[in-house]
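Engineer: Line by line, the protein sequences are chains A and B. For the first sequence, the residue numbers in this note's numbering are 11 to 215. For the second sequence, the residue numbers in this note's numbering are 11 to 215.
Number of protein chains: 2
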Amino acid sequence: MKSDGLLIVISGPSGVGKGTVCAKLLAAETKLKLSVSDTTRKPREGEKNGINYSFITKEQFLANMKNDAYLEWAEVYGNFYGTPKAAVEDNITIGRDTLLEIDPQGALLVKEQYPDGIFIFILPPNFETLEHRLRGRNTDTEETIRKRLHLFQEEIKQIPMYDYIVVNDDIEDTVKKVKAILDAEHLRFEHTLVYADLLAEVDKL
Amino acid sequence: MKSDGLLIVISGPSGVGKGTVCAKLLAAETKLKLSVSDTTRKPREGEKNGINYSFITKEQFLANMKNDAYLEWAEVYGNFYGTPKAAVEDNITIGRDTLLEIDPQGALLVKEQYPDGIFIFILPPNFETLEHRLRGRNTDTEETIRKRLHLFQEEIKQIPMYDYIVVNDDIEDTVKKVKAILDAEHLRFEHTLVYADLLAEVDKL
Numbered sequence: 011m012k013s014d015g016l017l018i019v020i021s022g023p024s025g026v027g028k029g030t031v032c033a034k035l036l037a038a039e040t041k042l043k044l045s046v047s048d049t050t051r052k053p054r055e056g057e058k059n060g061i062n063y064s065f066i067t068k069e070q071f072l073a074n075m076k077n078d079a080y081l082e083w084a085e086v087y088g089n090f091y092g093t094p095k096a097a098v099e100d101n102i103t104i105g106r107d108t109l110l111e112i113d114p115q116g117a118l119l120v121k122e123q124y125p126d127g128i129f130i131f132i133l134p135p136n137f138e139t140l141e142h143r144l145r146g147r148n149t150d151t152e153e154t155i156r157k158r159l160h161l162f163q164e165e166i167k168q169i170p171m172y173d174y175i176v177v178n179d180d181i182e183d184t185v186k187k188v189k190a191i192l193d194a195e196h197l198r199f200e201h202t203l204v205y206a207d208l209l210a211e212v213d214k215l
Numbered sequence: 011m012k013s014d015g016l017l018i019v020i021s022g023p024s025g026v027g028k029g030t031v032c033a034k035l036l037a038a039e040t041k042l043k044l045s046v047s048d049t050t051r052k053p054r055e056g057e058k059n060g061i062n063y064s065f066i067t068k069e070q071f072l073a074n075m076k077n078d079a080y081l082e083w084a085e086v087y088g089n090f091y092g093t094p095k096a097a098v099e100d101n102i103t104i105g106r107d108t109l110l111e112i113d114p115q116g117a118l119l120v121k122e123q124y125p126d127g128i129f130i131f132i133l134p135p136n137f138e139t140l141e142h143r144l145r146g147r148n149t150d151t152e153e154t155i156r157k158r159l160h161l162f163q164e165e166i167k168q169i170p171m172y173d174y175i176v177v178n179d180d181i182e183d184t185v186k187k188v189k190a191i192l193d194a195e196h197l198r199f200e201h202t203l204v205y206a207d208l209l210a211e212v213d214k215l
């Protein structure tokens, strides 16, 4: 008998550092598997198919959508992004913990389908820090930064649906906290087979 | 504004090593406070009043019982043991995490009064190990050991009411796991004031 893997959803506003948290977590927790998203956008330099994303055509993506193959999907600036349902399900069924790094809108859709997932919201220490980080990335226009900050104020309202809140002040400390959450969740009564094993042992006495 | 402290209940069968787990946890987590029980038995060598137990007279104990001053109490071989309600409540109210080391029967009574407490059941790796440990203590007669092992088979039925199960195979590993549970619980949405603080910040924007 094997326990199901845990579905761990890491979300938070744009610029909070979700990506770095997940990368460090995956490096430290070898048993954790990242769910690779499908996208229709072109690979950026250094990105590898099947590692960063599965790069597929718009036709493939639309066919997948039609077949209800995505846990959640979004269109951003004309490109599609989606989390393949089957990959997540297969992983969990074979007992592997599965990590989703996802925006709060996507997380909400995943929550509807996996209410027992472990939902972690990464927060900036404060608004100023988030604004500073968004500007520091040098990837967004002033208008986009304004939009992202405004979106964060909306996203905040969804936080009560999350199981855990982690403030990302120091990245190493944040990763340590998320690891503690994973360790603790594995010890939860409903996530362990220890009790079932014990009952079987008692039956034999 | 200050968050309430957490009530952490560590339970498990006699001989599983609850005491050692709690002692090591208290040494490592300076903010954690052990709830000191009242007892009517005489202090053993090395035991200090107010540290190991509050040693009180039978008359005092019975008066406290009458005043509903105990979260739970038990009579063991003619001696009374009780967990003072006020001390636990005061601790929690001032935001201090409070540790109870308690037998499964007592834990059940605490659960009724503090359903939001964090209940951790410490298990032996298997029955044989528990039996071996009970014999190794050299404090119990054969009859008492039999009774304790039989009691454990009854206590097992209550395990589903616990939040976490930790198998005490290696003591350092067990303490590490319980610490992860405490760290994770502090990050739970319902145990943090981060969200309230954030909403206050948004209001000011």
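Glycine included, each C-beta is placed from N, C-alpha and C at the ideal position.
According to DSSP, is G92 (chain A) helix, strand or coil?
Structural biologist: strand
Engineer: Please determine, among A:S13, A:I132, A:I104 and A:D14, the residue with the shortest C-alpha to C-alpha distance to E111 (chain A).
Structural biologist: Nearest of A:S13, A:I132, A:I104 and A:D14 to E111 (chain A), Cα basis: A:I132.
Engineer: Report back the beta-carbon spacing between L35 (chain B) and L109 (chain B) to the nearest angstrom; my notes put them in contact at under 8 Å.
Structural biologist: 7 Å
Engineer: Return the chain-ordered list of same chain residues with a C-beta closer than 8 Å to the C-beta of A119 (chain B), the five sequence neighbours on each side being excluded.
Structural biologist: The sequence as given places Leu at residue 119 (chain B); Ala does not occur at that position. Contacts found: L81 and E82.
Engineer: Would you identify the three-state DSSP class for A33 (chain B), choosing helix, strand or coil?
Structural biologist: helix
Engineer: Tell whether a beta-carbon distance below 8 Å holds between I102 (chain A) and F199 (chain B).
Structural biologist: No, the pair does not count as a contact, with Cβ atoms beyond the cut-off.
Engineer: Measuring from the CB of G29 (chain B), is there a heavy atom of the ligand COA at a distance below 7 Å?
Structural biologist: Although the ligand COA was asked about, the structure shown includes no ligands whatsoever.
Engineer: Taking its Cβ as the centre, do 16 or more other Cβ atoms sit within 10 Å of L16 (chain A), making it buried, or is it exposed?
Structural biologist: L16 (chain A) comes out buried.
Engineer: Can you tell which of A:L215, A:E152, A:T40 and A:F71 has its C-alpha closest to the C-alpha of T50 (chain A)?
Structural biologist: A:F71
Engineer: Rounding to the nearest angstrom, what Cα-Cα distance links V185 (chain A) and G25 (chain A) in this structure?
Structural biologist: 16 Å
Engineer: If you measure between the beta carbons of V19 (chain A) and I191 (chain A), is that distance less than 8 Å?
Structural biologist: no
Engineer: For chain B, find out if any of its Cβ atoms is closer than 8 Å to the Cβ of E164 (chain A); answer yes or no.
Structural biologist: no
Engineer: Any idea what DSSP makes of T139 (chain B), helix, strand or coil?
Structural biologist: helix
Engineer: Is the separation between the beta-carbon of D48 (chain B) and that of N89 (chain B) shorter than 8 Å?
Structural biologist: no
Engineer: Residues of chain B with CB under 8 Å from T139 (chain A), in chain order?
Structural biologist: Per Cβ cutoff of 8 Å: no residues; T139 (chain A) is ~11 Å from chain B at best.
Engineer: Give me the DSSP bridge partner(s) of K186 (chain A).
Structural biologist: In DSSP, K186 (chain A) forms no bridge with anything.
Engineer: Do K187 (chain B) and D14 (chain A) have their C-beta atoms closer together than 8 Å?
Structural biologist: no
Engineer: Residues of chain A with a CB under 8 Å from the CB of P170 (chain B): which are they?
Structural biologist: F199 and Y205
Engineer: Are the beta-carbon atoms belonging to P114 (chain A) and S45 (chain A) less than 8 Å from one another?
Structural biologist: no
Engineer: I'd like to know if N59 (chain A) contacts chain B, where contact means its C-beta is closer than 8 Å to some C-beta of that chain.
Structural biologist: no
Engineer: If you run the structure through DSSP and keep just helix, strand and coil, what is A79 (chain B)?
Structural biologist: A79 (chain B): coil per DSSP, three-state reduction.
Engineer: Kindly indicate the opening and closing residues of the beta strand (DSSP E) around Y247 (chain A).
Structural biologist: No information on residue 247 (chain A) is available, as it lies outside the stretch 11 to 215 that chain A covers here.
Engineer: Just to confirm, are D107 (chain A) and K43 (chain A) a CB contact at a threshold of 8 Å?
Structural biologist: yes
Engineer: Using a Cβ-Cβ distance under 8 Å, would T184 (chain B) count as near chain A?
Structural biologist: No, T184 (chain B) lies away from the interface with chain A (no Cβ there is under 8 Å from its Cβ).
Engineer: Between the region 195-210 of chain B and the region 165-184 of chain A, are three or more C-beta pairs nearer than 8 Å?
Structural biologist: yes
Engineer: Which residues in chain B sit within 7 Å of A38 (chain A), going by Cβ to Cβ distance?
Structural biologist: Residues of chain B passing the Cβ test: none, with the nearest at roughly 14 Å.
Engineer: Can you list the residues of chain A that A210 (chain B) reaches, using a CB-CB cut of under 9 Å?
Structural biologist: Going along chain A, no residue has its Cβ under 9 Å from A210 (chain B), so there is no contact; the nearest lies around 11 Å.
Engineer: Given that Y174 (chain B) touches chain A, what residues does it touch there, using C-beta distances under 8 Å?
Structural biologist: A194, L197, R198 and F199
Engineer: DSSP three-state call for E111 (chain A): helix, strand or coil?
Structural biologist: strand
Engineer: So what does Y174 (chain A) bridge to, in DSSP terms?
Structural biologist: A:I130 and B:R198
Engineer: Over what stretch of residues does the beta strand (DSSP E) that includes T154 (chain A) continue unbroken?
Structural biologist: Segment E152 to E165 is the alpha helix (DSSP H) holding T154 (chain A); no beta strand (DSSP E) there.
Engineer: Alpha carbon to alpha carbon, how far is E39 (chain B) from K28 (chain A)? Give it in angstroms, no decimals.
Structural biologist: For K28 (chain A) and E39 (chain B), the distance between alpha carbons rounds to 29 Å.
Engineer: Quick one: using the 10 Å Cβ neighbour count with 16 as the cut-off for buried, is L140 (chain B) buried or exposed?
Structural biologist: buried
Engineer: Compare the C-alpha of G127 (chain A) against each of A:P135, A:N136, A:P134 and A:A117 and name the closest.
Structural biologist: A:A117
Engineer: What separation, rounded to the nearest whole angstrom, lies between the Cα atoms of R158 (chain B) and I181 (chain B)?
Structural biologist: Taking the straight line joining both Cα atoms gives about 21 Å.
Engineer: Compare the Cα-Cα distances from K68 (chain A) to each of A:I169, A:G92, A:E55 and A:K41 and report the closest residue.
Structural biologist: A:G92
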